[in-house]
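Under UniProt numbering, think of the first position of the sequence shown as 1, with each following residue one higher.
Glycine included, every Cβ here is placed at the ideal spot set by N, Cα and C.
Treat the numbers as computed from the prediction; the structure is a model and nothing was measured.
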Amino acid sequence: MPAFDYVVLDERGKQKKGVLEGDSARQVRQQLKEKGLVPLSVETTTQKTDKQEGAKFQFSGAAISAGDLAIITRQMATLLQAGLPLEEALKAVSRQQEKPRNKSMMLAIRSKVVEGHTLASSLNEFPGSFPDLYRATVSAGEHSGHLDLVLEQLAEYTEARYRTKKKVQGAMIYPLVLTSFAFLIIAGMLTFVVPKIVSVFEDSGKELPALTRILIGTSELLQNWWWLMAIVAVSAFFGFKRALKNEDFRFRFDAWLLKAPLLGKITRGLDASRVASTLSILSKSGVPLVEAMKISGQVAGNVCIKEAVILGADKLKEGSSLFTALDGSGHFPPMMMQMISSGERSGELDSMLARAATNQERELEDLINTIVALFEPLMLVVMGGVVMVIVLSIMMPILSMNSLVG
Numbered sequence: 001m002p003a004f005d006y007v008v009l010d011e012r013g014k015q016k017k018g019v020l021e022g023d024s025a026r027q028v029r030q031q032l033k034e035k036g037l038v039p040l041s042v043e044t045t046t047q048k049t050d051k052q053e054g055a056k057f058q059f060s061g062a063a064i065s066a067g068d069l070a071i072i073t074r075q076m077a078t079l080l081q082a083g084l085p086l087e088e089a090l091k092a093v094s095r096q097q098e099k100p101r102n103k104s105m106m107l108a109i110r111s112k113v114v115e116g117h118t119l120a121s122s123l124n125e126f127p128g129s130f131p132d133l134y135r136a137t138v139s140a141g142e143h144s145g146h147l148d149l150v151l152e153q154l155a156e157y158t159e160a161r162y163r164t165k166k167k168v169q170g171a172m173i174y175p176l177v178l179t180s181f182a183f184l185i186i187a188g189m190l191t192f193v194v195p196k197i198v199s200v201f202e203d204s205g206k207e208l209p210a211l212t213r214i215l216i217g218t219s220e221l222l223q224n225w226w227w228l229m230a231i232v233a234v235s236a237f238f239g240f241k242r243a244l245k246n247e248d249f250r251f252r253f254d255a256w257l258l259k260a261p262l263l264g265k266i267t268r269g270l271d272a273s274r275v276a277s278t279l280s281i282l283s284k285s286g287v288p289l290v291e292a293m294k295i296s297g298q299v300a301g302n303v304c305i306k307e308a309v310i311l312g313a314d315k316l317k318e319g320s321s322l323f324t325a326l327d328g329s330g331h332f333p334p335m336m337m338q339m340i341s342s343g344e345r346s347g348e349l350d351s352m353l354a355r356a357a358t359n360q361e362r363e364l365e366d367l368i369n370t371i372v373a374l375f376e377p378l379m380l381v382v383m384g385g386v387v388m389v390i391v392l393s394i395m396m397p398i399l400s401m402n403s404l405v406g
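See below:
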């Protein structure tokens, strides 16, 4: 029985939205009229969610958040392992959703399953919410007859990815806030404090030191042209985002990013962890290694690494080992490659890939924690240096005037 999203007017003339199951839109309208409501629109949840997903995709690229996806996966895995049929499990999961968009989407998936479609093909209706990795893993679980176990592994994977993402975001909040406040303090001093002080020296008619003249020029620039600087900064930001859509520019930028001293290590570690964990979950779920490689390449954020993984899938198809297919690119950490080689020789590639992913996540977390720990004293040194320059610029004219008086 399909689900329908409706918009109605109640007795007070207020609009209300909801979801109702029925054989057809006409039947749902009749049910609403029997409740004393005036139907304004009734459409299937698939149509409704597709529109919402398309609109949201234009801005964020995903219909639901990583946290919501992790929760939905864990709920489905728990209910299926408890012995509930898939149809009832999906209905129970939809009832647990607080967001109307997520509830409509889960009811639409349930409707497709009730009609006889597989869960994987039902998830294909919402590619913005369920990535290729997710749908391929579910398909493998259905073909093997162990959907509950595969969903359990997928739940652990999505939760681990979500935790890693939150850790990285949490670690970056403090440096960004500290940098923003430092910039605002310096800009405030140059815009409001310095002009009032140096105006005394300008009225004296004496030639000011070079450092003081530079400070006055910077202050006047901020006061008179701050709006132009803001326009240039915003234009540069959006221009850079637009340029990244060009494949050649994006490839050159990502190649430079991998060679950057610190950013390269972070990018390489993050993508290596994504690729290894994706290969592990797909391999455990029974997805062929060549297909798993192609899907794993899509989860890499860096274009160079993505291309290396996809080319590695072609080499794997020609008979190469996984170690040979990936090691030639030089984009993956040596420790990870050694663990893959060891896993291939011992026949425990799945577990070695999982261990390699965990190892990369741990190294990345330690690196970010170290950077954050060093960032605070570094910002204090920078702030101290800027304040020292401002103080010197103000004190030098005073000292020169005292020497003239003496």
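Separation of residue j from residue i, as counted between CA atoms
{"i": "Val28", "j": "Lys103", "result": "17 angstroms"}
{"i": "Ser280", "j": "Ser180", "result": "40 angstroms"}
{"i": "Gln47", "j": "Ala171", "result": "In this predicted model, Gln47 has a pLDDT of only 47, less than 50, meaning its place in the structure is not dependable; the value taken from the coordinates is given anyway. Straight-line Cα distance between these residues: approximately 39 angstroms."}
{"i": "Met229", "j": "Phe183", "result": "14 angstroms"}
{"i": "Met293", "j": "Val299", "result": "10 angstroms"}
{"i": "Ile266", "j": "Asn369", "result": "12 angstroms"}
{"i": "Ala155", "j": "Gly384", "result": "48 angstroms"}
{"i": "Lys91", "j": "Asp148", "result": "16 angstroms"}
{"i": "Pro397", "j": "Met388", "result": "15 angstroms"}
{"i": "Leu32", "j": "Arg110", "result": "22 angstroms"}
{"i": "Gly188", "j": "Leu221", "result": "13 angstroms"}
{"i": "Leu399", "j": "Ser273", "result": "59 angstroms"}
{"i": "Val234", "j": "Trp225", "result": "14 angstroms"}
{"i": "Glu159", "j": "Asp68", "result": "10 angstroms"}
{"i": "Leu308", "j": "Ser139", "result": "The question names Leu, yet the displayed sequence has Ala at residue 308. Rounded to whole angstroms, Ala308 to Ser139 spans 26 angstroms at the Cα level."}
{"i": "Glu53", "j": "Phe126", "result": "With a pLDDT of only 44 at Glu53, under 50, the local geometry of the prediction cannot be trusted, and no value is derived from it."}
{"i": "Met76", "j": "Asp248", "result": "42 angstroms"}
{"i": "Ser351", "j": "Thr78", "result": "23 angstroms"}
{"i": "Gly268", "j": "Pro333", "result": "The residue asked about is misnamed: residue 268 is Arg in this sequence, not Gly. Rounded to whole angstroms, Arg268 to Pro333 spans 8 angstroms at the Cα level."}
{"i": "Asn302", "j": "Glu88", "result": "40 angstroms"}
{"i": "Ala62", "j": "Gln97", "result": "At Ala62 the pLDDT is 43, less than 50, meaning the model places this residue with poor confidence; the figure from the coordinates comes in the next sentence. So the two alpha carbons sit approximately 17 angstroms from each other."}
{"i": "Arg250", "j": "Ala108", "result": "37 angstroms"}
{"i": "Pro288", "j": "Trp256", "result": "33 angstroms"}
{"i": "Met105", "j": "Met379", "result": "46 angstroms"}
{"i": "Gly264", "j": "Glu361", "result": "15 angstroms"}
{"i": "Phe306", "j": "Gly297", "result": "Before going further, note that residue 306 is Lys rather than Phe in the sequence given. If I take the Cα positions, the gap works out to 5 angstroms."}
Residue range of the alpha helix (DSSP H) that includes residue i
{"i": "Lys241", "result": "Ala210 to Ala243"}
{"i": "Lys91", "result": "Leu86 to Gln96"}
{"i": "Val177", "result": "Leu147 to Gly188"}
{"i": "Leu282", "result": "Leu263 to Lys284"}
{"i": "Val28", "result": "Ala25 to Glu34"}
{"i": "Ala255", "result": "Glu247 to Lys259"}
Residue of the options minimising C-alpha distance to residue i
{"i": "Leu40", "options": "Lys294, Ile71 and Val8", "result": "Val8"}
{"i": "Leu151", "options": "Arg161, Ala182 and Ala70", "result": "Ala70"}
{"i": "Ile216", "options": "Leu119, Met335, Gln15 and Pro195", "result": "Pro195"}
{"i": "Arg135", "options": "Ile231, Ile295 and Gly264", "result": "Ile295"}
{"i": "Gly286", "options": "Gln360, Met335 and Gly145", "result": "Gly145"}
{"i": "Arg74", "options": "Ile231, Tyr162, Ser235 and Lys33", "result": "Tyr162"}
{"i": "residue 420", "options": "Arg355, Val168, Arg95 and Lys306", "result": "Missing from the structure shown is residue 420; the chain here goes from 1 to 406 and no further."}
{"i": "Gly128", "options": "His143, Arg101, Ala140 and Ala160", "result": "Arg101"}
{"i": "Tyr174", "options": "Glu142, Pro209, Glu87 and Ala373", "result": "Ala373"}
{"i": "Leu80", "options": "Asp248, Leu119 and Arg242", "result": "Leu119"}
{"i": "Ala357", "options": "Met106, Val275 and Met76", "result": "Val275"}
{"i": "Leu364", "options": "Ile394, Lys245, Lys241 and Lys167", "result": "Lys167"}
{"i": "Lys99", "options": "Lys17, Leu86, Pro131 and Val381", "result": "Lys17"}
{"i": "Leu190", "options": "Ser277, Gln223 and Leu208", "result": "Gln223"}
Per-residue DSSP class, three states only, for residue i
{"i": "residue 470", "result": "A query on residue 470 cannot be resolved here, the shown segment of the chain reaching from 1 to 406 and no further."}
{"i": "Ile394", "result": "helix"}
{"i": "Phe130", "result": "coil"}
{"i": "Gly343", "result": "helix"}
{"i": "Gly67", "result": "helix"}
{"i": "Gly18", "result": "strand"}
{"i": "Glu115", "result": "coil"}
{"i": "residue 471", "result": "This structure does not reach residue 471, given that the chain is present from 1 up to 406, and the question cannot be answered."}
{"i": "Asp5", "result": "strand"}
{"i": "Asn302", "result": "coil"}
{"i": "Asn369", "result": "helix"}
{"i": "Arg110", "result": "helix"}
{"i": "Asn102", "result": "helix"}
{"i": "Ala354", "result": "helix"}
{"i": "Gly319", "result": "coil"}
{"i": "Val287", "result": "coil"}
{"i": "Asp314", "result": "helix"}
{"i": "Asp327", "result": "helix"}
{"i": "Gly141", "result": "helix"}
{"i": "Glu361", "result": "helix"}
{"i": "Asp50", "result": "Annotation note: pLDDT 47 at Asp50 (below 50); position unreliable, no value reported."}
{"i": "Gly83", "result": "coil"}
{"i": "Arg12", "result": "coil"}
Cutoff 8 angstroms: residue i Cβ touching any chain D Cβ
{"i": "Met383", "result": "No chain D is part of this structure, which consists of one protein chain only."}
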